[in-house]
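A.B. asks:
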DNA sequence: TTTTTATGTTATAATTATTGACAAGGATAC
DNA sequence: GTATCCTTGTCAATAATTATAACATAAAAA
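Residue numbers (the working numbering), protein chains in the order written: chain A, 88 to 315; chain B, 88 to 315.
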């Protein structure tokens, strides 16, 4: 029980909440271009997190600031980009060209943050072959080749629930290793696949709960999981 | 320091993760119509959570099962519906009729779960007055009257980031008390407003992080916050 | 009446996250 | 060049949350 298995060395066990906040720090820095230096206190002001927390989050990855001064914005931004792995453009595959899928395809927020939906798949022969917003819709039957040739590691899925598991299985087989799932279905994936679920209807369900059982929150929770 | 303030009596402090899972139990029950009774073990099988956890979650709200037998499906479903407050149809307002907004408007997942997007707002004079999928797009300037007359308590927002805060402020003033925010911007709301953020780009950012710093997860985490 | 089965509940363990405090490091001003 | 001020990096303590396991109890079936 010395090495091997479990957690592959390094990686000091970063809290998942830290990872989440990191991206928000990064986005906040994209805005503030007024000054060249920013203190944890100022960044706290902008993002709504505590200064202590920001400093703690950052030091998981190194020492980026200068005492008595703060953080050099450009430098910190660069570091965050590097940490988050957004120092490149990711090619993302979208599976499902329905209403939601097409909206995701044109969603500017992805592009702005360095994610390019470079391929769209669908099974519908009606859609296959056509282009939507400059992106060709390919037959999902050919997903494997295309994914490999485009070096795609991230996929977004927006297909009917019944098709979800099958689609994901094939994506995994094709070499995709991260999936952003919009389908309201709990997909099973092997442990090495990174899966994130966005369950929009379930979120409304939560709101319905909190509205119904009028939960009075003591204070505005500073983005614990996601507010609330 | 006897009563008043803090947490308004009752409400035994339900873990937020429990609320999340509750909705997933509910959705799972919608499917399984084969039998009339289901055990926590069986429900665990379907949903992927542990049987102990399911029982624990449920008993926050009462005793719904019969020992030696399990849970009566119809009865449990009914209870969950009641707890979640989805025993009615919620009228939801959508603000922002852009690409994303329009996709959300037609998203079947909402309707299926009892949420009806009954009103759409936009500021764009081009869009106002037109209908989209049978729903009239109204001028956001008239939001207050319309929201009040339609008894709308939940709003979904999908507007440009710069407009988000202003829009939310007005929604709150109009009487909306729950907001599902798709805008990648940390909106500030008074403590009594329930706000849930869906930050799609940030989710991709997280995936990018996990992909870059290859984090090997010891085991498939059973939907802690949302997988990963 | 006995056996079986699955719930409800309590206690425990573990994890995870937040907060506060402070020493040390630079920068700036004098 | 020295003193003062400011802000970081980090440690330790605390707090909150969540999950797990075990078991007594209660209903059903045999």
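The beta carbon of each residue, even a glycine, is placed where N, CA and C say it ideally should be.
How far does the alpha helix (DSSP H) with residue 173 of chain B in it reach, from first residue to last?
C.D. replies: Residue mapping note: residue 173 of chain B aligns to position 86 of the second chain, counting from 1. Where residue 173 of chain B is concerned, there is no enclosing alpha helix (DSSP H), given that its DSSP letter is neither H nor E.
A.B. asks: Have a look at the DSSP bridge pairing and note the partners of residue 160 of chain B.
C.D. replies: Position 73 of the second chain holds residue 160 of chain B. Per DSSP, none; premise fails for residue 160 of chain B.
A.B. asks: Given that residue 168 of chain B touches chain A, what residues does it touch there, using C-beta distances under 8 Å?
C.D. replies: Here residue 168 of chain B refers to the residue found at position 81 of the second chain. Neighbours of residue 168 of chain B on chain A: none; closest Cβ ~10 Å, over 8 Å.
A.B. asks: Taking 7 Å as the limit between beta carbons, can you name the residues of its chain near residue 178 of chain A, skipping five residues before and five after?
C.D. replies: Start at 1 with the first residue of the first chain, and residue 178 of chain A comes out as number 91. Excluding residues within five positions, the ones whose Cβ falls inside 7 Å are 203, 205, 237, 238 and 239.
A.B. asks: Could you name the residues of chain B that residue 102 of chain A contacts, counting a contact when the two beta carbons are closer than 9 Å?
C.D. replies: Position 15 of the first chain, counted from the start, is the residue given in the question as residue 102 of chain A. Result: empty, since nearest Cβ-Cβ is about 11 Å, beyond 9 Å.
A.B. asks: At the level of alpha carbons, what is the spacing between residue 221 of chain A and residue 199 of chain A?
C.D. replies: Working through the first chain from its first residue, we reach residue 221 of chain A at position 134. Working through the first chain from its first residue, we reach residue 199 of chain A at position 112. Answer to the nearest angstrom: the Cα atoms are 17 Å apart.
A.B. asks: Which class does residue 225 of chain B belong to by DSSP, given the choice of helix, strand or coil?
C.D. replies: For this step, residue 225 of chain B is matched to residue 138 along the second chain. Strand at residue 225 of chain B.
A.B. asks: If we count the other Cβ atoms within 10 Å of its Cβ and call it buried at 16 or more, is residue 249 of chain B buried or exposed?
C.D. replies: Indexing the second chain from 1 puts residue 249 of chain B at position 162. Label assigned to residue 249 of chain B: exposed.
A.B. asks: Spell out the partners DSSP gives residue 300 of chain A in its beta bridges.
C.D. replies: Taking the first residue of the first chain as 1, we reach residue 300 of chain A at position 213. In DSSP, residue 300 of chain A forms no bridge with anything.
A.B. asks: Name the chain A residues whose beta carbon is nearer than 9 Å to that of residue 241 of chain B?
C.D. replies: Your numbering for residue 241 of chain B matches position 154 in the second chain. Here the neighbours are 291, 294, 295 and 298.
A.B. asks: Please return the same chain residues whose Cβ sits closer than 8 Å to the Cβ of residue 215 of chain A, not counting the five positions on each side in sequence.
C.D. replies: Taking the first chain and counting its residues from 1, one reaches residue 215 of chain A at position 128. Only 209, 224, 225 and 226 meet the Cβ criterion.
A.B. asks: Measure the beta-carbon distance from residue 182 of chain A to residue 245 of chain A and round it to whole angstroms, keeping in mind my assumption that it falls under 8 Å.
C.D. replies: Taking the first chain and counting its residues from 1, one reaches residue 182 of chain A at position 95. Taking the first chain and counting its residues from 1, one reaches residue 245 of chain A at position 158. So it is a contact: roughly 7 Å between Cβ atoms.
A.B. asks: Skipping 5 residues on each side, what residues in its chain have a beta carbon closer than 6 Å to that of residue 126 of chain B?
C.D. replies: Against the second chain, residue 126 of chain B aligns to sequence position 39. 157, listed in sequence order.
A.B. asks: Return yes when the Cβ of residue 109 of chain B is within less than 8 Å of the Cβ of residue 281 of chain A, no when it is not.
C.D. replies: Taking the first residue of the first chain as 1, we reach residue 281 of chain A at position 194. Taking the first residue of the second chain as 1, we reach residue 109 of chain B at position 22. Not in contact: residue 281 of chain A and residue 109 of chain B (Cβ atoms no closer than 8 Å).
A.B. asks: Tell me, please, which residues DSSP counts as bridged to residue 141 of chain B.
C.D. replies: Within the second chain, residue 141 of chain B is the residue found at index 54, counting from 1. Note: residue 141 of chain B sits in no beta bridge, so no partner.
A.B. asks: Using 8 Å as the limit for Cβ to Cβ distance, is residue 125 of chain B near chain A?
C.D. replies: Translated into positions along the second chain, residue 125 of chain B becomes position 38. Not an interface residue.
A.B. asks: Please check if any C-beta of chain B sits within less than 8 Å of the C-beta of residue 236 of chain A.
C.D. replies: As a working mapping, residue 236 of chain A is identified with position 149 in the first chain. Not closer than 8 Å to any Cβ of chain B, the Cβ of residue 236 of chain A fails to qualify, so no.
A.B. asks: Closest to residue 271 of chain A by C-alpha separation, out of A:279, A:260, A:247 and A:263, would be which residue?
C.D. replies: Reading the first chain from its first residue, position 184 is the one you call residue 271 of chain A. Of A:279, A:260, A:247 and A:263, the residue nearest in Cα terms is A:247.
A.B. asks: Could you name the residues of chain A that residue 267 of chain B contacts, counting a contact when the two beta carbons are closer than 7 Å?
C.D. replies: Within the second chain, numbered from 1, the residue matching residue 267 of chain B stands at position 180. Chain A residues near residue 267 of chain B: 290, 291 and 294.
A.B. asks: Count the other C-beta atoms from every protein chain shown that fall within 10 angstroms of the C-beta of residue 164 of chain A, then say buried if there are 16 or more, exposed otherwise.
C.D. replies: The count along the first chain starts at 1 and reaches residue 164 of chain A at position 77. Residue 164 of chain A should be labelled buried.
A.B. asks: Since residue 281 of chain A meets chain B, which of its residues come closer than 7 Å, beta carbon to beta carbon?
C.D. replies: Here the question's residue 281 of chain A lines up with position 194 in the first chain. Correct list: 294, 297, 298 and 315.
A.B. asks: Run through chain B and tell me which residues come within less than 9 Å of residue 197 of chain A, C-beta to C-beta.
C.D. replies: The residue you call residue 197 of chain A lines up with position 110 of the first chain. Residues of chain B passing the Cβ test: 287, 288 and 291.
A.B. asks: Run through chain A and tell me which residues come within less than 8 Å of residue 178 of chain B, C-beta to C-beta.
C.D. replies: Here residue 178 of chain B is taken as the residue at index 91 of the second chain, counted from 1. Residues of chain A passing the Cβ test: none, with the nearest at roughly 12 Å.
A.B. asks: Can you confirm whether the stretch 285-293 of chain A touches the stretch 103-117 of chain B when touching is taken to mean that 3 or more C-beta pairs between the two stretches lie within less than 8 Å?
C.D. replies: The answer is yes - the stretch 285-293 of chain A touches the stretch 103-117 of chain B, with three or more Cβ pairs under 8 Å.
A.B. asks: Tell me whether the stretch 166-177 of chain B and the stretch 249-268 of chain A touch, counting them as touching only if at least three CB pairs, one residue from each stretch, are closer than 8 Å.
C.D. replies: In short, these stretches do not touch, since the Cβ pair count stays below three.
A.B. asks: For residue 300 of chain B, which residues of its own chain have a beta-carbon under 6 Å away from its beta-carbon, when the five flanking residues on both sides are left out?
C.D. replies: Locating residue 300 of chain B in the second chain gives position 213, counting from the first residue. Taken in chain order, the list of residues that qualify is empty.
A.B. asks: Taking the alpha-carbon positions, what's the residue 192 of chain B to residue 155 of chain A distance?
C.D. replies: Position 105 of the second chain, counted from the first residue, corresponds to residue 192 of chain B. Position 68 of the first chain, counted from the first residue, corresponds to residue 155 of chain A. Straight-line Cα distance between these residues: approximately 51 Å.
A.B. asks: Quick check on the DSSP output: the alpha helix (DSSP H) that includes residue 256 of chain A runs from which residue to which?
C.D. replies: Residue mapping note: residue 256 of chain A aligns to position 169 of the first chain, counting from 1. Its alpha helix (DSSP H) spans residues 248-261.
A.B. asks: With 16 other CB atoms within 10 Å as the buried threshold, where does residue 153 of chain A fall?
C.D. replies: If you number the first chain from 1, residue 153 of chain A lands on position 66. Residue 153 of chain A comes out exposed.
A.B. asks: Checking contacts by CB at 8 Å: is residue 135 of chain A closer than that to chain B?
C.D. replies: Position 48 of the first chain, counted from the first residue, corresponds to residue 135 of chain A. Chain B contact via Cβ: present.
A.B. asks: With a threshold of 8 Å between beta carbons, is residue 259 of chain B in contact with chain A?
C.D. replies: The sequence position of residue 259 of chain B within the second chain is 172, counting from 1. Taking Cβ atoms only, chain A never reaches closer than 8 Å to residue 259 of chain B, which makes this a no.
A.B. asks: Determine which residues share a DSSP beta bridge with residue 267 of chain A and list them.
C.D. replies: By one-based count along the first chain, residue 267 of chain A stands at place 180. Beta-bridge pairing links residue 267 of chain A to A:243 and A:283.
A.B. asks: Can you tell me where the beta strand (DSSP E) with residue 204 of chain B in it begins and where it stops?
C.D. replies: In the second chain, the residue the question calls residue 204 of chain B occupies position 117. Where residue 204 of chain B is concerned, the enclosing beta strand (DSSP E) stretches over 202-209.
A.B. asks: Assuming residue 134 of chain A contacts residue 273 of chain B under a Cβ cut-off of 8 Å, what Cβ separation, rounded to an integer in Å, is found between them?
C.D. replies: As a working note, residue 134 of chain A is residue 47 in the first chain. As a working note, residue 273 of chain B is residue 186 in the second chain. 7 Å between Cβ atoms; contact.
A.B. asks: Exposed or buried, residue 242 of chain A, counting other C-beta atoms within 10 Å across all chains shown (16 or more means buried)?
C.D. replies: Counted from its first residue, the first chain places residue 242 of chain A at position 155. Buried is the call here.
A.B. asks: Name the chain A residues whose beta carbon is nearer than 8 Å to that of residue 264 of chain B?
C.D. replies: Position 177 of the second chain, counting from 1, holds the residue named residue 264 of chain B. Simply 298.
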